[in-house]
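Heads up: the sequence lines are chains A and B, in that order.
Per this note's numbering, residue 29 is the first one in the first sequence, and the count goes up by one each step.
Per this note's numbering, residue -12 is the first one in the second sequence, and the count goes up by one each step.
C-beta: ideal position from N, C-alpha, C; glycine also.
Predicted model, so just to flag it, every value in this text is computed and none were measured.
Working notes, structure below.
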Amino acid sequence: MPYVDKLPKSIEMQLTEQPLFHFGSDLMKDGQFGEQWLVLTEKEVSVWGTDGRMVSKFFVSSITDARVVGGVGGGSLLVDTKEGPIILIRYTASLTSIFGYASKLIAAVAKGEERPTASEKEFPRHCPKCRNPLPEDSQTCPVCKSNGKVLFRMLGYAKPYKIQMIAAAIMLIFTTLIELVPPFLTKMIVDNVLTKKDMGSTLLWIVIGLAATSLVVTLMQTVRGLIGVWIGSKIMGDLRHDVYHSLMKLSLSFFDRRQSSQFIGRVNNDSEAMRQFMTDGVIWVSGESLRVIAIFAIMFSMDWKLTLLAMLPMPLMVVLSTVLWPMIGRRWYQQWRSIFRLNALVGDSLQGIRVVKAFGQETTEMSRYTVANKELVRHNIRIEGLWQGMFPAFALVAGVGTLLIWYYGGRTVLDGQLSIGTLIALVTYLGMLLGPLQWVSQMINWASHAISAADRVFEIMDTPSDVPDTTNPADIGRVNGEVEFKQVTYGYEKHHPVLKNVDLKVAAGEMIGLVGHSGAGKSTFINMICRFYDTDEGTITIDGVDIRNISQSDLRSQIGVVLQETFLFDGTIAENIAYSKPDATELEIMRAAKIANAHDFIVQLPDGYDTRVGERGHKLSGGEKQRVSIARAIIHDPRILILDEATASVDTVTERQIQEAISRLVKGRTTFAIAHRLSTLRNANRLVVLERGKIIEVGTHEELLAVEGAYFKLVEAQKEMSQIKGVEVHE
Amino acid sequence: MSDPISVSDELKAQDKDPYEINIFEPGLISFSRSQGGVFQGVIEGKVYEELILFRIFPFQYNTQYISVRNSKSEEIGVIRDIDQLDEESRGEVDKELQLRYFLPVVTRIDSIKQKADMWIWELQTNLGQTRIVMRNLHEHMQYPSLYRIILTDVNGKRCEIRDYSTLDIQSRKKLKDVL
């Protein structure tokens, strides 16, 4: 549910009616930041200050219309009255959509029309707690989300590998403890052997002990590392698997709202960040904290006074760590940005190298590069300098503790109250603390990154599909291809329907041409048949069965699609043709290509059917790609065929070849075709003319021309256009 | 609403080259504000109930090259410099531009913090205190000129640092960290 702020009490008390709508804006009428409230009731529209003072009020009966006038970075809501337009309220850009809705609502109330319902997208996406805007692709507030829950869920992924995790943990404890043994042994060498000048077997045994500990530590570290890698890779695999599966199950409308490129990053980077945290992070943190505790315990048992003394600079180190790491992070980001700018610059001028040369602008480009390059050098020095200086600084601070121990410890030794060995052991242990302490704040940073990565990943997994697959699918077998729209209404945003009460019955094997201006709802019509979206109202049936009761895989196996923008996957031409039927024989593939007028050009390619296409492969021309995709549809052998501007982006000769191919393809199949060039729809049994989401005319080409309605106008308009271009019209 | 375009005007419009930019004679235009707060004016002898202003070079010129359009967003002409206008008109044009181009000028930076992948700026502007939240810096900071920075919020709200070299030392220091 979208979050709407409560109307302040002081305003609510003064209202005589229940408000239909209220919303707080973030600007005053004079453009200053401030809060004002818009309240709409059945009879009045009013604007209030937060203190409950009324700013203005209008009777709905005096309003003829309402609208928004968008500015840059903000806008204002206007009502038209008989006395002219009046500005009601102003707002910044973050509230544009909600006040857009408000204007529609006011207009509808004023005109007595059907009132729009607000969709979730129109409400400003603020976190109700901290007022920070939410990221556009997420419902959880990154600033004040509950980290614990996410952490817990993330760790759930480690569950299947419990035994290995426990093994790793035990080894970790052991290695940590064993690593603490050598300084103790050194102490024994100094105290029991060197000081006493006792050359007995003790020295040998202690050295053997030292060798043994380092051997054990090495062994255990290797084994633990191997286990870590194993668990890490497994968890990473599981995560990627889950994310990708959830992505594929999501409906198209989910992707409509988002850039698809960000998902590539999500699937890979976010799961990597999570893995890193779970394996390296968790192990490192627990290992290091264990070590810190153990070291302190040992040091205190040796000499608590000196230990306390050595701890004096510790707070300073933690402070240093919390100051330096964010600084490092920022400088890294700065450096990244200058690399980004430099790369963008190079990419830009190299892509446009023809233009650069044609206009003789090489020197300008070079000097632009020089500036960006200098910038990068500067940032490089800044970050690297800080990086280089950081660890010595930590060492210096830690050194203060060591100095203190040397001085006071040395005096204690001279007084005879402490053995030299203990002193050396204390100094060594102190040195071991340096590592964990200087990384403390960076660990917190990594953890928070991992948690936000996990958050994003879980969000994808938790998003329900808008077009859920039925649990009890009807068995449709091979359909005849009768398609019926019954009172279908649909809008990408619910209050703004793109299709309105569409009724159409299509017989099996019929070819329907969809005609209309852009934005008339043609593509939406087609998307509905594929069930990329579910109807808001009404039903679509295939052979009398509601498509919502057909399993999606069954449905799609009956539908073939040829789109304007053909997409070929990375792979050979043969693989692309056999996309929907991976077990197709070579003969089937060739036949399909032959019908699609593609066989001849494919054979003449150096690599024939094995030519690699797609992003990294051979570049086929638009017409060639189109024919490959037609072959793909032919081998799919669908009962229902959808052609969306299949010939829009090719020249006339190629178009003819594709037209031929298509006319062979549509034979015996129920076909829905969209084409901008009306001449390409000549073969259609019926033409359906859509206007603003409604069917306004249905009939054959001749019938529609005869009535001289909307279709006639479209044809005339196209004739005119062709004449301007000097192209003959094929009628 | 009355339609400002009459037959005689259409004839007049035909005389003009439709591809020529119509730069107004300063004497032939005047602007005011209606009771309802709507910007309006009289242009070349014709009354417009509602006018919309566009900065043609919003980053380069604040008060020069202003496109004046009717409520359907059709261009009537261009004001070369609002200093040429009479006092009342100039005041109203200036005010309308400031309302339409909502771009508060930052007077002080209270803090710039990075919290959970979001950059949160607490700012004092000439229009009051505000907060700008960005997903990242490189896509939400623009540098139209050497010392000028435009900050854009994830929701499209914008603020301007007109000349960061004139900000106070504390603000400059905070800014320097993220530049």
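Inset, instruction - Give a yes or no on whether the minimum CB-CB distance between B/Tyr167 and chain A is below 9 Å. - result: Since the first and last residues shown for chain B are -12 and 166, residue 167 of chain B lies out of range.
Legend entry - Cβ of B/Asn9 within 9 Å of any chain A Cβ: The residue you call residue 9 of chain B lines up with position 22 of the second sequence. Chain A contact via Cβ: absent.
Legend entry - Any C-beta of chain A under 9 Å from that of B/Asp140: The residue labelled residue 140 of chain B in the question sits at position 153 within the second sequence. It does: the Cβ of B/Asp140 has a partner Cβ on chain A nearer than 9 Å.
Inset, instruction - Leaving aside the five residues before and after A/Thr223 along the sequence, list all residues of the same chain whose C-beta is less than 8 Å from its C-beta, in chain order. - result: Translated into the one-based positions of the first sequence, residue 223 of chain A becomes position 195. Answer for A/Thr223: Ser447, Ile448 and Gly449, listed in chain order.
Inset, instruction - Quick one: using the 10 Å Cβ neighbour count with 16 as the cut-off for buried, is A/Glu756 buried or exposed? - result: By one-based count along the first sequence, residue 756 of chain A stands at place 728. Residue placement at A/Glu756 is poorly supported in this model, since its pLDDT is 48, which falls under 50; the coordinates are not used for a value here.
Inset, instruction - Would you check if the distance between the CB atom of A/Ala186 and the CB atom of A/Asp298 is smaller than 9 Å? - result: Sequence index remark: in the first sequence, residue 186 of chain A carries index 158 (1-based). Sequence index remark: in the first sequence, residue 298 of chain A carries index 270 (1-based). Against a cut-off of 9 Å, the Cβ pair of A/Asp298 and A/Ala186 comes out as no contact.
Inset, instruction - Could you tell me whether any Cβ in chain B is nearer than 9 Å to the Cβ of A/Pro343? - result: Taking the first sequence and counting its residues from 1, the one referred to as residue 343 of chain A is at position 315. By this cut-off, A/Pro343 is not an interface position.
Legend entry - Straight-line Cα distance separating A/Thr563 from A/Val495: Here residue 495 of chain A corresponds to residue number 467 of the first sequence, with the count starting at 1. Here residue 563 of chain A corresponds to residue number 535 of the first sequence, with the count starting at 1. If I take the Cα positions, the gap works out to 10 Å.
Legend entry - Contact under 9 Å by Cβ, A/Leu213 with A/Ile194: Translated into positions along the first sequence, residue 213 of chain A becomes position 185. Translated into positions along the first sequence, residue 194 of chain A becomes position 166. No, Cβ-Cβ distance for A/Leu213 and A/Ile194 is not below 9 Å.
Legend entry - Per-residue DSSP class, three states only, for A/Phe740: Residue numbering aside, residue 740 of chain A sits at position 712 when the first sequence is read from its first letter. A/Phe740: helix per DSSP, three-state reduction.
Inset, instruction - In angstroms with no decimal places, state the Cα-to-Cα distance between A/Gly588 and A/Asp531. - result: Counted from its first residue, the first sequence places residue 588 of chain A at position 560. Counted from its first residue, the first sequence places residue 531 of chain A at position 503. Rounded to the nearest whole angstrom, the CA to CA distance from A/Gly588 to A/Asp531 is 22 Å.
Legend entry - Member of A/Asp574, A/Ser480 and A/Ala689 whose CA lies at the smallest distance from the CA of A/Leu179: Within the first sequence, the letter at position 151 stands for residue 179 of chain A. Of the candidates A/Asp574, A/Ser480 and A/Ala689, the one whose C-alpha sits nearest the C-alpha of A/Leu179 is A/Ser480.
Legend entry - Enclosing beta strand (DSSP E) for A/Phe513 [first to last residue]: For the purposes of this step, residue 513 of chain A is taken as residue 485 along the first sequence, with counting starting at 1. Its beta strand (DSSP E) spans residues Val511 to Tyr518.
Inset, instruction - State the Cα-Cα distance for the pair A/Lys609 and A/Leu414, rounded to the nearest angstrom. - result: Translated into positions along the first sequence, residue 609 of chain A becomes position 581. Translated into positions along the first sequence, residue 414 of chain A becomes position 386. Between A/Lys609 and A/Leu414, the C-alpha separation is close to 58 Å.
Inset, instruction - Could you name the residues of chain A that B/Leu114 contacts, counting a contact when the two beta carbons are closer than 7 Å? - result: For the purposes of this step, residue 114 of chain B is taken as the residue at position 127 of the second sequence. Those within 7 Å of B/Leu114 in chain A are Gly59, Gln60 and Phe61.
Inset, instruction - Would you kindly report the start and end of the unbroken beta strand (DSSP E) that includes B/Ile96? - result: Position 109 of the second sequence, counted from the start, is the residue given in the question as residue 96 of chain B. Unbroken beta strand (DSSP E) run through B/Ile96: Val93 to Lys102.
Legend entry - Minimum C-alpha distance to A/Ser395 - residue among A/Gly417, A/Glu412, A/Leu370 and A/Arg382: Residue 395 of chain A sits at position 367 when you count from the first residue of the first sequence. With distances taken between Cα atoms, A/Ser395 lies closest to A/Leu370.
Legend entry - Residue closest to B/Trp106, alpha-carbon to alpha-carbon, out of B/Asp164, B/Glu12, B/Phe89 and B/Lys33: Residue numbering aside, residue 106 of chain B sits at position 119 when the second sequence is read from its first letter. Residue B/Asp164 is the option with its Cα nearest to B/Trp106.
Legend entry - Interface flag, B/Gln85 vs chain A, CB-CB below 9 Å: Position 98 of the second sequence holds residue 85 of chain B. Interface residue, yes.
Inset, instruction - Look at the alpha carbon of A/Lys533 and the alpha carbon of A/Ala661, and state the distance between them as a whole number of angstroms. - result: Along the first sequence, one-based indexing puts residue 533 of chain A at 505. Along the first sequence, one-based indexing puts residue 661 of chain A at 633. Going by the C-alpha atoms only, they are around 24 Å apart.
Inset, instruction - Quick one: using the 10 Å Cβ neighbour count with 16 as the cut-off for buried, is A/Met618 buried or exposed? - result: Indexing the first sequence from 1 puts residue 618 of chain A at position 590. Label assigned to A/Met618: buried.
Inset, instruction - Express the C-alpha separation of B/Asp155 and A/Glu565 in angstroms, rounding to a whole number. - result: Against the first sequence, residue 565 of chain A aligns to sequence position 537. Against the second sequence, residue 155 of chain B aligns to sequence position 168. Spanning the two alpha carbons is a distance of roughly 60 Å.
Legend entry - Within-9 Å CB hit, A/Cys581 to chain B: Within the first sequence, residue 581 of chain A is the residue found at index 553, counting from 1. The question names Cys, but residue 581 of chain A is Ser in the sequence shown. Taking Cβ atoms only, chain B never reaches closer than 9 Å to A/Ser581, which makes this a no.
Inset, instruction - Could you tell me which residues DSSP pairs with B/Ile115 in its beta bridges? - result: The residue given as residue 115 of chain B occupies position 128 in the second sequence. Inspection of the sequence shows that residue 115 of chain B is occupied by Gly rather than by Ile. In DSSP, B/Gly115 forms a bridge with B/Thr112.
Legend entry - Collapsed DSSP secondary structure at A/Phe560 in the structure displayed: Taking the first residue of the first sequence as position 1, residue 560 of chain A is located at position 532. Three-state result, A/Phe560: coil.
Legend entry - Proximity of A/Thr590 and A/Leu718 at Cβ, strictly below 9 Å: Working through the first sequence from its first residue, we reach residue 590 of chain A at position 562. Working through the first sequence from its first residue, we reach residue 718 of chain A at position 690. Sequence check: residue 590 of chain A is Val here, not Thr. No.
Legend entry - Residue-chain proximity (A/Phe368, chain B), Cβ-Cβ < 9 Å: Along the first sequence, one-based indexing puts residue 368 of chain A at 340. Yes - at least one Cβ of chain B is within 9 Å of the one on A/Phe368.
Inset, instruction - Pull up the DSSP beta-bridge partners for A/Glu725, would you. - result: As a position in the first sequence, residue 725 of chain A is number 697, starting the count at 1. According to DSSP, A/Glu725 bridges with A/Val717.
Inset, instruction - Have a look at the DSSP bridge pairing and note the partners of A/Gly77. - result: Position 49 of the first sequence holds residue 77 of chain A. A/Gly77 is bridged to A/Gln64.
Legend entry - Coil, strand or helix - A/Leu48 by DSSP: Taking the first sequence and counting its residues from 1, the one referred to as residue 48 of chain A is at position 20. Looking at A/Leu48 - three-state DSSP - the assignment turns out to be coil, as it is neither helix nor strand.
Legend entry - Chain-ordered residues of the region 125 to 145 of chain A with a beta carbon less than 8 Å from chain B: none
Legend entry - Residues, ordered as in the chain, of the region 44 to 71 of chain B that lie near chain A by beta-carbon distance below 8 Å: For the region 44 to 71 of chain B, residues whose beta-carbon sits nearer than 8 Å to a beta-carbon of chain A comprise Pro45.
Inset, instruction - Go to A/Ser314, then tell me how far its alpha helix (DSSP H) extends in each direction, as first and last residue. - result: Position 286 of the first sequence, counted from the start, is the residue given in the question as residue 314 of chain A. Secondary structure note for A/Ser314: its alpha helix (DSSP H) is the uninterrupted segment Val310 to Met330.
Inset, instruction - Could you check which residue in A/Ala620, A/Thr639 and A/Lys402 has the C-alpha nearest to that of A/Ile658? - result: Your numbering for residue 658 of chain A matches position 630 in the first sequence. Checking every option, the nearest Cα to that of A/Ile658 belongs to A/Ala620.
Inset, instruction - May I ask you to verify whether the region 113 to 124 of chain A touches the region 139 to 146 of chain B, counting CB pairs closer than 8 Å and requiring at least 3? - result: yes
Inset, instruction - Inspect the beta-carbon positions of A/Ser493 and A/Lys277 and report whether they are closer than 9 Å. - result: Locating residue 493 of chain A in the first sequence gives position 465, where the first residue counts as 1. Locating residue 277 of chain A in the first sequence gives position 249, where the first residue counts as 1. Their beta carbons are under 9 Å apart, which means A/Ser493 touches A/Lys277 by this criterion.
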